[in-house]
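Trainee:
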Amino acid sequence: MTERSTLLSLSRRRLLITTSVAATALLVATAGFTSAQSADGNGGEITFLIDSLGDTWIPNNSAISSFQGHIWGHVADKLLYVDADGKVSPWIAEKWEQNDTATEFTLHLKSGVTFSDGTALDASAVVANLDIWYAGRKSDGINPIGLFPKTYDHAEAIDAATVKVFFKKPTLGFIPTLGYHGSILISPKTLAQPAAQQADLSKTSGSGPYVVESWKEGDFVKLVKRKDYNWGPAAVGHTGPAYLDTITYKLVSEPSLRVAAVQSGQADVAYNASPQELESLKAEGFTTATPRYLGFVNGWAINTKLAPYNDLKVRQALQAGINRQEIIDTVYTPDWKLATSFIQSNVPGATDQSDLLAYNPEKAEKLLDEAGWVKGADGIRTKNGEPLVLTLHSNPYLATSKSVDELIAQQLGKIGWKVAIRAYDVVTFGQKVKYGGPAVPAYEVTRSFIDAGTVASILTNANNGENWFALDESDKTLNELRDKIASAGSTESRKPLLDELQKYILDQGYFIPRTQIVQRIYVQSPKLKGEIYNGVAYASYYTATKSE
């Protein structure tokens, strides 16, 4: 076990709370937010303290953010609802059909749904959203949605309530992806606006149960409920207007202040608390939640163009040299789970590849020896006069990332690596750290998706894929698996291919898992009840109530 200076110990947190409650109360109060309550459990206001509000509100660019996504989940709806187990159910699309080859899909829409600007959410509006999810408007700074199927051809409005969607190749993942948090429905009037106007929340119209009442860049977003909302997903047990009157998302960067505000009753929810605090907070009567999302585990996509990570033996040594159980025991709690693949174990299609992830430092040392890396008197390995270096860029979307990096640096240091750690804020990280970047040997992934069939298409550069491992089209085996998965006509025929893909990527050391991910940690007042966590682990307060 190692001591972690970056994580607040319980005793330090207690001291911080006693000195910071008054400051936090002043911070929340001066922002004009109160923690109003309702005696009957309906109505009322809540304040959600968050550590970032990102750098843009362009819907396509921000809907997939771990921060802005909270707001979009209340302001916008989706065609389908996906729960925490990956189950797909109707929402704005009441039913759907597909042809035998999974190249054509027909969506039947609810009637009477409107965006907050009064525009009907009809078939033409859905077509406009599908088109921009697929293509974006890159010349205007509007990105495509990363996991939207690259095989999309076009969509047609058959009538006001019917949309037919066409794909160039079989695309089994299309229906589940309509529940992905990037696939939010926005008014065509908003989508037609230039990026600068789309980035103004006051000019953005969704069809969700809340609308933006006011906001200030880098400070807060206040939502107020739509009283005419009547089309929530049946799966959550409620379809009418939200119960809570307002939800305010307030930026408070210091985690101890966020937690202290909830403890003192000045706020209702604190986002991204330290995992080490959760047990004591539960004992105090606060609600804590650590939902896992459907997606990739937390780990590294390895840049195979950068030496020495173009060497299979070095990548395999890296895979064997990480003690994943120690990460959970040291940085996390038993709520976290060991990675068993490079995708989360709750994703339909995930298979157990634990044998390929076993901690085996002796194997790692042997592989490095065979690759010509010789350990020096200082414990660092060298080859041709160059040290064995790994630079890690801690992912700011995961509060514990730097602590995990520090522990892994100690583990790999025993084998002969020299590990450097760099930490940036959200904006700078997005600017400087890219998959396959010339100074990025390992890109830390914190990424959700809804359907495992969409995964293979982003691993290479085919069909505008993201080329995670900088392989381009050089790996014939990976390319063949990608294409077979993409062309599978049924989930049954796809299952063995997904299993083979997982084995291959892990054995090649292309992806180095760390742990199954809990990216979103919630600490909540016991007075607030009825929230629901969806397939990407966002808390929805659409069904929540607050009592005395």
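The numbering of the sequence shown is the working numbering, which starts it at 8 and goes up by one. Where a beta carbon is used, it is the ideal one built from N, C-alpha and C, also for glycine. Given the structure is predicted, the values throughout are model-derived calculations rather than measurements.
Under a three-way DSSP split, which group does Tyr450 fall into?
Mentor: Three-state DSSP puts Tyr450 in a strand.
Trainee: Note down, one range per segment and in chain order, each alpha helix (DSSP H) of at least 4 residues found wholly within the stretch 344 to 413.
Mentor: Correct list: 368 to 377.
Trainee: Would you kindly check if the distance between the Cβ of Ile309 and the Cβ of Arg299 is under 8 Å?
Mentor: No, the Cβ-Cβ distance between Arg299 and Ile309 is not below 8 Å.
Trainee: If you check the beta carbons only, do Leu364 and Leu485 fall under 8 Å apart?
Mentor: The answer is no: Cβ separation not under 8 Å.
Trainee: Assuming Lys229 is part of the beta strand (DSSP E), what are its boundary residues?
Mentor: Run containing Lys229: Phe227 to Lys232, per the beta strand (DSSP E) assignment.
Trainee: Do the CB positions of Leu60 and Leu258 come within less than 8 Å of each other?
Mentor: Yes, the Cβ-Cβ distance between Leu60 and Leu258 is below 8 Å.
Trainee: Buried or exposed, going by whether 16 or more other CB atoms sit within 10 Å of the CB of Glu163?
Mentor: It is exposed - the Cβ of Glu163 has fewer than 16 other Cβ atoms within 10 Å.
Trainee: If we count the other Cβ atoms within 10 Å of its Cβ and call it buried at 16 or more, is Gly215 buried or exposed?
Mentor: Label assigned to Gly215: buried.
Trainee: Who are Ile465's beta bridge partners in DSSP?
Mentor: Paired residues: none, contrary to the question.
Trainee: Enumerate in chain order the residues of its own chain whose CB-to-CB distance from Thr407 is below 6 Å, with the five nearest sequence positions on each side excluded.
Mentor: Closer than 6 Å at the Cβ level, and outside the excluded window around Thr407, lie Val338.
Trainee: Can you list, in chain order, the residues of its chain with a C-beta nearer than 7 Å to that of Thr63? Leave out the 5 residues immediately preceding and following it.
Mentor: Within the same chain, Thr63 has close Cβ partners Ser69 and Ala206.
Trainee: So His188 and Gly51 are supposed to be a Cβ contact under 8 Å. How far apart are they, rounded?
Mentor: About 26 Å; that fails the 8 Å criterion.
Trainee: Does Lys510 come out as helix, strand or coil in the three-state DSSP assignment?
Mentor: In the structure shown, Lys510 sits in a helix (DSSP, three-state: H, G or I).
Trainee: In the structure shown, what three-state DSSP assignment does Gly80 receive?
Mentor: Here Gly80 sits in helix by DSSP.
Trainee: For Lys441, which residues in the same chain have their Cβ closer than 8 Å to its Cβ, ignoring the five residues on either side in sequence?
Mentor: Excluding residues within five positions, the ones whose Cβ falls inside 8 Å are Val447 and Tyr450.
Trainee: Using the beta-carbon count (16 or more within 10 Å), is Tyr549 buried or exposed?
Mentor: Flag for Tyr549 reads buried.
Trainee: Got a sec? Which residues, its chain only, sit under 8 Å from Ile415 by beta carbon, not counting five neighbours each side?
Mentor: Here the set comprises Ile329, Ile334, Leu399, Val426 and Arg521.
Trainee: Spatial neighbours of Tyr540 within its chain, please: CB distance less than 7 Å, with the 5 preceding and 5 following residues excluded, ordered by chain position.
Mentor: Only Ala91, Ala296, Pro298 and Ala546 meet the Cβ criterion.
Trainee: Count the other CB atoms, across all protein chains shown, that sit within 10 Å of the CB of Val4; report buried if there are 16 or more and exposed otherwise.
Mentor: Since the first residue shown for the chain is 8 and the last is 555, residue 4 is missing from the structure and cannot be characterised.
Trainee: Do Gln523 and Ser401 have their CB atoms nearer than 8 Å?
Mentor: Cβ atoms of Gln523 and Ser401: not closer than 8 Å.
Trainee: With a CB to CB cut of under 7 Å and the five nearest residues on each side skipped, what residues in its chain are close to Phe74?
Mentor: Only Ile57, Ser59, Leu60 and Gly61 meet the Cβ criterion.
Trainee: For the structure I just gave you, are there three or more beta carbon pairs, one from the stretch 115 to 135 and one from the stretch 265 to 273, closer than 8 Å?
Mentor: No: the two stretches stay apart, fewer than three of their Cβ pairs being nearer than 8 Å.
Trainee: I'd like the span of the alpha helix (DSSP H) that includes Ile335, first residue to last.
Mentor: Unbroken alpha helix (DSSP H) run through Ile335: Arg331 to Val338.
Trainee: Residues in its own chain within less than 6 Å of Val228 by CB, not counting five upstream and five downstream?
Mentor: The answer, listed in chain order, is Ile78, Trp222 and Tyr256.
Trainee: When the Cα atoms are used, what is the spatial distance from Asp479 to Glu291?
Mentor: Using only the alpha carbons, I get a separation of about 52 Å.
Trainee: Could you give the distance in angstroms between the alpha-carbon of Thr311 and the alpha-carbon of Ala249?
Mentor: Their Cα atoms are separated by approximately 49 Å.
Trainee: Could you tell me the distance, in whole angstroms, from the CA atom of Leu375 to the CA atom of Leu319?
Mentor: Using only the alpha carbons, I get a separation of about 10 Å.
Trainee: How would you label Leu22, buried or exposed, when you count the other beta carbons within 10 angstroms and need 16 or more for buried?
Mentor: With a pLDDT of only 37 at Leu22, under the threshold of 50, the placement of this residue in the model should not be trusted; the figure read from the coordinates follows. Exposed.
Trainee: Taking the alpha-carbon positions, what's the Thr26 to Pro262 distance?
Mentor: Because the pLDDT at Thr26 is just 42, under 50, the model does not fix this residue reliably, and the point stays unresolved.
Trainee: Starting from Gln323 and walking both ways along the beta strand (DSSP E), at which residues does that stretch end?
Mentor: Here Gln323 belongs to no beta strand (DSSP E); instead the alpha helix (DSSP H) covers Leu319 to Ala327.
Trainee: Quick one: what does DSSP say Ser287 is sitting in, helix, strand or coil?
Mentor: It is helical.
Trainee: So, are the CB atoms of Gly213 and Ala130 less than 8 Å apart?
Mentor: No, they are not a contact pair.
Trainee: So, is Glu499 buried or exposed, given that buried needs 16 or more other C-beta atoms within 10 angstroms?
Mentor: So Glu499 counts as exposed.
Trainee: Going straight from the alpha carbon of Tyr217 to that of Lys234, what length do you get?
Mentor: Taking the straight line joining both Cα atoms gives about 9 Å.
Trainee: Using CA atoms only, rank isn't needed, just tell me which of Lys390, Trp424, Gly516 and Lys373 is closest to Gly306.
Mentor: For Gly306, the nearest C-alpha among the options comes from Gly516.
Trainee: How is Ser458 classed by DSSP in three states: helix, strand or coil?
Mentor: The residue asked about is misnamed: residue 458 is Asp in this sequence, not Ser. Of the three classes helix, strand and coil, the one that applies to Asp458 here is coil, per DSSP.
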